[in-house]
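Have a look at the structure below before the remarks.
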Amino acid sequence: MQTYRHLFLILAVGFVFSVGAQDYPNRPIKIIVPYPPGGVTDIATRFVAVKLGESFGQPVIVENMPAAGGVVGTNRVAKAVPDGYTLMAAFDSFATNPFMYRGVEHDPIKDFAPISLMVRSPQLLVVHHSTGAKTIADLVRLAKDKGDQIAFATPGAGTSSRLSSELFKQMAGVDITLVSYKGGAPALNDLLGGQVSGMIVSMSLVLQHVQQGRLVALGVSSPGRNSILPNVPPIADTFAGFEAQSWSGMIAPIGTPKPIIDKLNQGIVKALQSSEAREKFSSQGVEIVASSPQVFGELIAKEGNRWGAVIRRLKISVD
């Protein structure tokens, strides 16, 4: 009897959500950004939120909830009602946090429904002029001679920037000190001020400073050269197999009805394929993807498997 009652409740909830999907949305939508304001994920999310609001005729509210590398906000969204009214902007660390943080109460695959991979960007290895380094070989020599004097910033202990930096240290055989900040902006400020020596971070964060000559770009994390900075060689030219990217996408709690996922995906794709989006992001080194839910889901799984293996091999953890 209890089994039938449980089955009835599941079917009833599914019916309610199915009916609700037909007139979705009929009230404001909230998007949680579990990271500080100002980064690529935040900027892309706010752009998409405005466009979704215009398309849907309902307010789309963005709320930043930065804490514990995004774990707190992600845990909250995982427990939200799967009705399409609570979404989350996922950064690349979303796929790797379960391998690094204690207190992670969610599974990136089992507890969330992918909606769309919105944008991605290669990472740049940049240094302050005071290092005197002009090439990756220069930096490696400097780090081996004066390792205790070389410090690299990361936007957070669990970010892809941290993982890329740890991987670089291991492949280069150097012992560079990594300093974790609460977001990309404070990390960049200290790099520009010379308080730290360098950083491996999303191209979009440092591109204008490289173009203005305030920072020196030594390498790009993509397998090939980037058209915006064609003179900057891939890090993989020096350390074969080195590859990393920063990405941002939209997700919902698992169980969100497919018609709602599809409607959100269509709205996001429409927003990001506009000429306004191309003008806004292309000059910043950000590639617009606007993928299907399936493609985004495959990326999340692939990134988790790949970087999870790196985390275990290098014994990376968040204190």
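Numbering (this note's numbering), first residue to last: 13 to 331.
Backbone N, C-alpha and C define an ideal beta-carbon position, used for all residues, glycine too.
Measuring straight from C-alpha to C-alpha, what distance separates residue i and residue j?
i, j, result
"residue 328", "residue 36", "43 Å"
"residue 320", "residue 187", "22 Å"
"residue 178", "residue 284", "33 Å"
"residue 134", "residue 275", "29 Å"
"residue 316", "residue 126", "14 Å"
"residue 205", "residue 277", "41 Å"
"residue 13", "residue 265", "The predicted position of residue 13 is uncertain, since its pLDDT is 49 and thus under 50; a value taken from the coordinates is nonetheless stated next. In a straight line, the C-alpha of residue 13 is about 29 Å away from that of residue 265."
"residue 165", "residue 190", "6 Å"
"residue 221", "residue 93", "42 Å"
"residue 197", "residue 49", "9 Å"
"residue 307", "residue 250", "31 Å"
"residue 157", "residue 163", "13 Å"
Closest to residue i by C-alpha separation, out of the options, would be which residue?
i, options, result
"residue 217", "66, 312, 132 and 325", "132"
"residue 149", "181, 262, 87 and 267", "181"
"residue 257", "99, 85, 195 and 236", "236"
"residue 293", "130, 172 and 165", "130"
"residue 68", "55, 48 and 40", "40"
"residue 34", "93, 146 and 273", "273"
"residue 280", "61, 94 and 53", "61"
"residue 78", "224, 248, 232 and 168", "168"
"residue 318", "38, 95 and 107", "107"
For residue i, count neighbouring Cβ atoms within 10 angstroms of its own Cβ and tell me buried if that reaches 16, exposed if not.
i, result
"residue 104", "buried"
"residue 119", "exposed"
"residue 311", "buried"
"residue 89", "buried"
"residue 138", "buried"
"residue 324", "exposed"
"residue 72", "buried"
"residue 141", "exposed"
"residue 115", "exposed"
"residue 63", "buried"
"residue 19", "With a pLDDT of only 48 at residue 19, under the threshold of 50, the placement of this residue in the model should not be trusted, and no figure is reported."
Is it the case that the Cβ atoms of residue i and residue j are separated by a distance below 9 Å?
i, j, result
"residue 195", "residue 51", "yes"
"residue 43", "residue 262", "yes"
"residue 254", "residue 246", "yes"
Look up residue i in the DSSP assignment and say whether it is helix, strand or coil.
i, result
"residue 241", "coil"
"residue 251", "coil"
"residue 209", "coil"
"residue 138", "strand"
"residue 76", "strand"
"residue 70", "coil"
"residue 129", "strand"
"residue 99", "strand"
"residue 181", "helix"
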